[in-house]
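For what it's worth, our numbering labels the leading residue of the sequence shown as 120, then goes sequentially.
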Amino acid sequence: MAGERERGGVAAIGVAVFLAGAVLLGLEIVASRVLAPYFGNSLFVWGALIGVVLTGLSVGYWLGGTVADRRPTPYLLIGAIAVSAVLVLLVPLVDERVLEVVVEWDPGPRLNPLVATIALFGPASVILGSVSPIAVKLVARSLERVGRTAGRLFAISTAGSIAGTFATSFWLVPELGTDQVLAVGALALLVAAACVAISERLLAPTVVLAAGAAATVAIVVALAPETGGTLEGAAAQNWSPLYRQREAQTPSELDPATLSGEGFTVREAKETRYHRLVVADDEDSRYLRFDSSFQSGMYLERPFATRFEYTDYLDLGIAYNPDAERILFVGLGGGSAPKRIWRDFPRTQLQVVELDPDVVDAAYRWFHLPRDDRRGVDVEDGRRWLVRNDARWDVIVLDAFYSDSIPFHLSTREFLELARERLEPGGVIVTNLIGAVTGSQSRLVRSVARTYRAVFPTVTLHPVNIGGDDDPANIRNVILVATEAPLPTKQFLQERWRALRTEHPLAPDLRKPIADRWDRDLPLADVPLLTDDYAPTDALLLLFG
120 MAGERERGGV
130 AAIGVAVFLA
140 GAVLLGLEIV
150 ASRVLAPYFG
160 NSLFVWGALI
170 GVVLTGLSVG
180 YWLGGTVADR
190 RPTPYLLIGA
200 IAVSAVLVLL
210 VPLVDERVLE
220 VVVEWDPGPR
230 LNPLVATIAL
240 FGPASVILGS
250 VSPIAVKLVA
260 RSLERVGRTA
270 GRLFAISTAG
280 SIAGTFATSF
290 WLVPELGTDQ
300 VLAVGALALL
310 VAAACVAISE
320 RLLAPTVVLA
330 AGAAATVAIV
340 VALAPETGGT
350 LEGAAAQNWS
360 PLYRQREAQT
370 PSELDPATLS
380 GEGFTVREAK
390 ETRYHRLVVA
400 DDEDSRYLRF
410 DSSFQSGMYL
420 ERPFATRFEY
430 TDYLDLGIAY
440 NPDAERILFV
450 GLGGGSAPKR
460 IWRDFPRTQL
470 QVVELDPDVV
480 DAAYRWFHLP
490 RDDRRGVDVE
500 DGRRWLVRND
510 ARWDVIVLDA
520 FYSDSIPFHL
530 STREFLELAR
540 ERLEPGGVIV
550 TNLIGAVTGS
560 QSRLVRSVAR
570 TYRAVFPTVT
580 LHPVNIGGDD
590 DPANIRNVIL
600 VATEAPLPTK
610 QFLQERWRAL
620 RTEHPLAPDL
630 RKPIADRWDR
640 DLPLADVPLL
650 TDDYAPTDAL
660 LLLFG
């Protein structure tokens with residue numbers, strides 16, 4: 120019986136090590152969601168997360184081994200796992216206060232995410248790192264077997280980390296809120312500690328851990344996000360904001376490996392903090408590409424002419440607010456829309472906020488972005504910029520799609536409440552989305568629309584119908600317009616824009632964009648309301664190839 124009980128104890132310790140490894144890597148992934156609303160999703164953020172977790176592991180390995188040599192008892196392992204559970208569960212309770220303190224202190228763009236990561240996730244990383252060496256000390260029965268035991272337990276821990284990475288990325292984050300995922304991680308650790316306590320027949324710790332697990336289950340349920348429906352998985356292929364328009368207008372693909380061979384001249388190619396940036400020319404046009412997706416285009420001989428139709432639709436903010444003079448763009452790309460409005464409406468004052476400084480350099484160097492006192496460019500995360508700047512705007516244009524994802528923290532209810540505070544009375548937000556209006560590929564567009572309607576009384580969609588394709592179930596650019604003002608009729612909007620073009624004859628013709636406005640019902644009950652805690656934009660984004 121004693122040998123059987125010993126084998127059971129070893130198995131329980133293996134389960135505990137596996138779950139500790141799973142929670143640690145899951146914590147690292149979820150941490151990016153916690154930090155993004157404050158610091159974006161930059162290279163600095165991910166560098167801070169990876170560096171802090173690895174440092175925590177290193178310190179934890181040393182600390183766990185040292186303490187285990189002095190007091191090698193099951194209570195030590197149970198205590199380490201239980202303490203790490205408490206530290207993980209504390210994150211959603213203190214994260215906002217910690218992050219606000221860091222923001223107010225503002226030690227710099229590199230140190231901001233590093234300090235926040237150390238404060239929120241450093242302690243849990245250290246304690247979780249101590250689990251494996253403690254387990255090795257408890258399981259190893261002789262010096263002759265210590266190497267084999269250590270190798271086996273560290274392999275189990277790594278396998279747990281792999282499982283935790285996949286589970287968190289592919290299932291937990293898309294299905295649960297950020298706070299819920301953290302609570303689930305804490306619950307898994309309490310279960311792991313309880314397994315060890317039960318195998319060692321330690322009654323008091325078992326009772327305490329069971330009570331803690333029950334309380335954590337209640338917390339998981341209480342933190343359930345408002346989803347409005349079950350989220351289904353998305354196909355894993357690439358999309359591009361300009362995919363459909365470029366396919367209709369340019370015959371060949373821009374494969375990074377074959378750009379030159381396909382008749383394109385590569386003007387610039389470099390790795391930035393956020394993506395691989397490529398500027399390439401064909402016979403009449405220049406393109407800006409991030410990773411595997413197009414972002415902007417420009418006719419070489421006519422730098423202000425419309426190359427991709429969706430950029431004209433961003434003028435809808437002025438159509439809905441004809442007195443607009445102060446316009447904020449979040450996202451620059453090649454600068455097609457900002458430079459066009461700068462030219463067409465001379466009375467406007469424009470401000471652009473772009474996350475990537477290399478994109479700003481490319482826009483100036485390759486896409487004729489004008490340098491003028493009427494248009495400023497700041498390099499910063501758009502949400503962070505709005506927090507730091509309390510100026511008010513007549514129109515805010517969000518055009519921040521990149522590569523094969525979208526910055527989730529620019530799509531949540533909390534962000535929209537902030538943006539609404541930065542609008543003048545009668546102000547308008549214009550957002551460039553990618554997706555469909557109806558059908559199985561419409562979940563992202565409808566989810567974003569539901570979130571906007573939770574903040575703005577007037578929300579409408581303008582699908583970008585090109586090449587005779589007006590099927591609302593097909594993927595395309597969709598321009599969302601949100602305002603506090605009543606929704607004007609299409610006829611009134613057409614007459615207003617006609618009058619504006621009389622005064623500003625270079626402005627684009629918006630008759631078709633206005634006529635194509637989606638005035639039919641948009642079902643929203645089966646899609647989630649996006650919040651900082653729950654914004655599964657990567658899963659909602661129905662990708663295509």
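C-beta atoms are modelled at their ideal positions from N, C-alpha and C, and glycine is treated no differently. It should be emphasised that the depicted structure is a prediction, and the values quoted were computed from it without experimental measurement.
Residue closest to residue i, alpha-carbon to alpha-carbon, out of the options
i	options	result
Y571	A538, A388, W165, S276	A538
A482	G501, A456, R466	A456
P211	A654, A243, V153, D431	V153
A274	F137, G227, L599	F137
G133	V245, V221, A254, R507	A254
D225	Y157, Y429, A131	Y157
L308	V397, A573, T335	T335
L625	D492, G304, K458	K458
I237	L272, G184, I200, V164	V164
D403	T384, S280, L306, R392	T384
K631	Y432, L659, T656	Y432
Per-residue burial, residue i [other beta carbons within 10 Å of its own, 16 or more giving buried]
i	result
S359	With a pLDDT of 43 at S359, under the threshold of 50, the predicted position of this residue should be treated as unreliable, and no value is reported.
E390	exposed
P544	exposed
G435	Note on residue identity: the sequence assigns Leu, not Gly, to residue 435. The residue is buried, with at least 16 neighbouring Cβ atoms inside 10 Å.
W616	buried
P476	exposed
T349	Reliability fails at T349, whose pLDDT of 34 lies under 50, so the model's placement of it is uncertain and the value that follows must be treated cautiously. It is exposed - the Cβ of T349 has fewer than 16 other Cβ atoms within 10 Å.
F611	exposed
T377	At T377 the pLDDT is 45, less than 50, meaning the model places this residue with poor confidence and gives no usable figure here.
E223	exposed
Q356	Only weak support exists for where Q356 lies, its pLDDT of 29 falling under 50; the coordinates are left without a value.
L542	buried
V213	exposed
G495	exposed
T621	exposed
V547	buried
V220	exposed
A78	Absent from the structure is residue 78, since the part of the chain shown begins at 120 and ends at 664.
L419	exposed
Q130	Note on identity: in this sequence residue 130 is Ala, with Gln being the wrong assignment. Per the 10 Å Cβ criterion, exposed.
A155	buried
R363	At R363, the pLDDT of 42 sits below 50, so the modelled position is not reliable and the matter cannot be decided from this model.
Element boundaries [beta strand (DSSP E), containing residue i]
i	result
W512	512–517
R445	445–449
E319	Looking at the DSSP string, E319 is not in any beta strand (DSSP E), and its letter there is neither H nor E.
E473	468–473
Cross-strand partners of residue i (DSSP beta bridge)
i	result
E390	R395
T602	V547, T577
E402	The partner list for E402 (beta bridge, DSSP) is empty, contrary to what the question assumes.
Q414	None, per the DSSP bridge assignment.
R264	None, per the DSSP bridge assignment.
V597	L552, P582
W637	L580
R408	V397, F413
D491	R494
L542	W512
V385	A399
Unbroken alpha helix (DSSP H) run spanning residue i, endpoints
i	result
D214	193–224
G495	Element bounds for G495: not the alpha helix (DSSP H) but the beta strand (DSSP E), 494–498.
S251	250–258
V564	562–572
A618	609–622
F163	162–189
R229	Segment: none, R229 is in no alpha helix (DSSP H) and carries neither H nor E.
D434	No alpha helix (DSSP H) contains D434, which DSSP labels as neither H nor E.
P457	455–463
Y483	476–485
D651	Unbroken run through D651: none, as it is neither H nor E.
Sufficient close CB pairs (3 or more, under 8 Å) joining the region 199–217 to the region 135–147: yes
contact_flag[the region 554–565, the region 583–594] where n(CB pairs < 8 Å) is 3 or more: yes
With a cut-off of 8 Å, do at least 3 Cβ pairs link the region 409–427 to the region 186–202? no
Would you say the region 647–654 touches the region 563–582, given that touching needs at least three Cβ pairs under 8 Å? yes
Can we say the region 499–519 touches the region 442–451, given the rule of at least three CB pairs closer than 8 Å? yes
Spell out a yes or no on whether the region 480–499 and the region 389–409 are touching, meaning 3 or more CB-CB pairs, one atom from each, closer than 8 Å. Yes, since at least three Cβ pairs between the region 480–499 and the region 389–409 fall closer than 8 Å, the two stretches touch.
Please determine if the region 243–250 and the region 163–181 are in contact, where contact requires at least 3 C-beta pairs separated by less than 8 Å. yes
Quick check: the region 275–291 against the region 314–329, are at least 3 beta-carbon pairs closer than 8 Å? Using a C-beta cut-off of 8 Å, the region 314–329 makes no contact with the region 275–291, since fewer than three inter-stretch Cβ pairs fall below that distance.
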